[in-house]
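Throughout, our numbering is defined as the position within the sequence shown, counted from one, plus 14.
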Amino acid sequence: MKKYWSARIRDMVPYVPGEQPKDRVFIKLNTNENPYPPSPKALEALRQAADDRLRLYPDPECTQLRAAIAAAHGLSPEQVFPGNGSDEVLAFCFQAFFDPDRPVLFADITYTFYAVYAEYFGLTPRLIPLAGDFSLPVDPFCAGDAGGVVVANPNAPTGRAVDRADLIRILEANPQAVVLVDEAYIDFGGVSADALVDRYENLVVVRTLSKGHGLAGLRVGYALGHPHLMAALRCVRDSINSYTVDRAAQAAAAAAMEDAAYFEAQTAKVTATRDRAAERLRALGFAVTDSKANFLFVHHPRVAAKALLDGLRQRGILVRWFDQPRISDYLRITVGTDEEMEALYQAMKALTEE
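And the structure:
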């Protein structure tokens, strides 16, 4: 019953996250989590932060964390805005930079939260169809009339990356609008736009510690951009909740950002497994996109994706399927450990042979 629901949400279709099973143990290749643990330094910082100071509010400006993020990207703390996961940061961006009377451009096949945000905040989305190979067509993003542009790089769920030269074209074609680059998966390939922050005052880069740093359970993300754009995000935040990143999360995230050697070693393991997995799946007859993320987007010419989804689940393996136009015969498969991926290969071989 929706009798007391506001008109704004009464007919909304919210974002649906990947399944987090509780009834049995699965090999979870459905939510793009890191198969490896966080930095030991992050875990130690988390333990040290869990003391009697938890009775106090955390630092609303995330001073230590902003400094660690800024140092990692060669920027100043004034160019950094942390938040409670990159989803929250993206939501703040949609409120801070986009207006209802000007269209917001993003791909027709991309992170589905963008469409949810657009509807929730009363914006006007303009969907740009991806090319047949799921690459991003640049020209439609350069029409010059946009009220905002959102590009996932690498894209989800396809895994395709966007060249920096193409991002520069989009930035320079839209000087009147913020270009929001969502780099949730940039840790596993592609080239970050962080080096462009000083050159383009209309650029906002959004990152997360959930993927490469293995801290999905702590919910820490951040934005990079010109100080006046970060001030707009603070305005939105402080109009809702000034304390979005808790004390323990700030400490652990700062330690994770500072442990570059561990981060690089773990992401290298994931990308190596991803590339091996792509070859193994191609050998089984799958078409696999050129992924620069920590997942693969795959299609089999003879076996429907939904049948594979169900068959894998019966064998104790979860992957992600999207029941939407153009991609309903594809699966998105998170890269797990080598042992988990071997179980996937054997299950896929059996299902495709059947």
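Built from N, CA and C at the ideal position, the CB exists for glycine as well. The structure presented is a predicted model; accordingly, all values stated were derived computationally and were not measured.
Best match in the options for proximity to residue i [C-alpha to C-alpha]
i, options, result
"Phe-95", "Ala-160, Thr-222, Lys-320, Ala-132", "Thr-222"
"Gln-93", "Gly-99, Ile-83, Lys-42", "Ile-83"
"Ala-286", "Leu-298, Ser-305, Ala-270", "Ser-305"
"Ile-347", "Ala-64, Val-220, Leu-310", "Leu-310"
"Pro-143", "Val-152, Val-220, Phe-135", "Val-152"
"Val-218", "Val-193, Cys-76, His-227, Asn-188", "Val-193"
"Ala-129", "Ser-149, Phe-108, Gly-146, Asp-115", "Phe-108"
"Leu-345", "Asp-352, Leu-332, Thr-351, Arg-61", "Leu-332"
"Glu-186", "Cys-156, Pro-74, Val-164", "Cys-156"
"Pro-168", "Ile-184, Gly-162, Asp-201", "Asp-201"
"Val-220", "Leu-229, Gly-228, Val-234", "Val-234"
"Phe-112", "Thr-124, Arg-140, Ala-86, Ser-100", "Arg-140"
"Arg-395", "Ile-123, Gln-328, Ile-182", "The structure shown has nothing for residue 395, since the chain only spans 15 to 368."
"Gly-158", "Ala-321, Ala-262, Asn-188, Ala-145", "Asn-188"
"Gly-330", "Tyr-134, Asn-216, Ala-21, Phe-40", "Phe-40"
"Gly-325", "Phe-336, Leu-137, Arg-290, Leu-365", "Leu-365"
"Ala-179", "Val-349, Gly-204, Gln-190, Asp-73", "Gly-204"
"Leu-238", "His-87, Pro-51, Asn-48", "His-87"
"Asp-66", "Arg-261, Pro-74, Gly-161", "Arg-261"
"Glu-278", "Tyr-257, Asp-343, Ala-269, His-227", "His-227"
"Leu-137", "Phe-120, Ser-90, Ala-64, Gln-62", "Phe-120"
N-terminal and C-terminal residue of the alpha helix (DSSP H) that residue i is part of
i, result
"Ile-142", "Looking at the DSSP string, Ile-142 is not in any alpha helix (DSSP H); the run it does join, the beta strand (DSSP E), is 138-142."
"Pro-241", "241-252"
"Thr-222", "Counting along the chain, Thr-222 falls outside any alpha helix (DSSP H), though it belongs to the beta strand (DSSP E) covering 217-222."
"Ile-23", "21-24"
"Lys-283", "274-297"
"Arg-327", "319-328"
"Ala-187", "178-187"
"Glu-354", "352-367"
Simplified DSSP state of residue i, which is helix, strand or coil
i, result
"His-313", "strand"
"Arg-334", "strand"
"Val-192", "coil"
"Tyr-29", "coil"
"Leu-229", "coil"
"Tyr-134", "helix"
"Ala-170", "coil"
"Leu-150", "coil"
"Phe-300", "coil"
"Ala-175", "coil"
"Ala-198", "coil"
"Tyr-18", "coil"
"Ala-265", "helix"
"Tyr-125", "coil"
"Ala-209", "helix"
"Ala-145", "coil"
"Ala-157", "coil"
"Ala-237", "strand"
Buried versus exposed call for residue i [16 or more other C-beta atoms within 10 Å across all chains shown]
i, result
"Ser-253", "exposed"
"Gly-97", "buried"
"Asp-25", "exposed"
"Asp-196", "buried"
"His-242", "exposed"
"Pro-54", "exposed"
"Cys-76", "buried"
"Lys-17", "exposed"
"Asn-255", "exposed"
"Pro-315", "exposed"
"Glu-102", "buried"
"Lys-42", "buried"
"Tyr-56", "At residue 56 the sequence reads Ala, which differs from the Tyr that was named. Ala-56 should be labelled buried."
"Trp-19", "exposed"
"Asp-147", "exposed"
"Gln-34", "exposed"
"Leu-70", "exposed"
"Asp-208", "buried"
"Leu-68", "exposed"
"Ile-23", "exposed"
Residue i: first and last residue of the uninterrupted beta strand (DSSP E) it sits in
i, result
"Ile-347", "345-348"
"Gly-162", "162-166"
Any beta strand (DSSP E) of 3 or more consecutive residues that is wholly inside the segment 35-117 | Counting only runs of at least 3 residues, the segment 35-117 fully encloses the following beta strand (DSSP E) elements, listed from N- to C-terminal order: 94-97.
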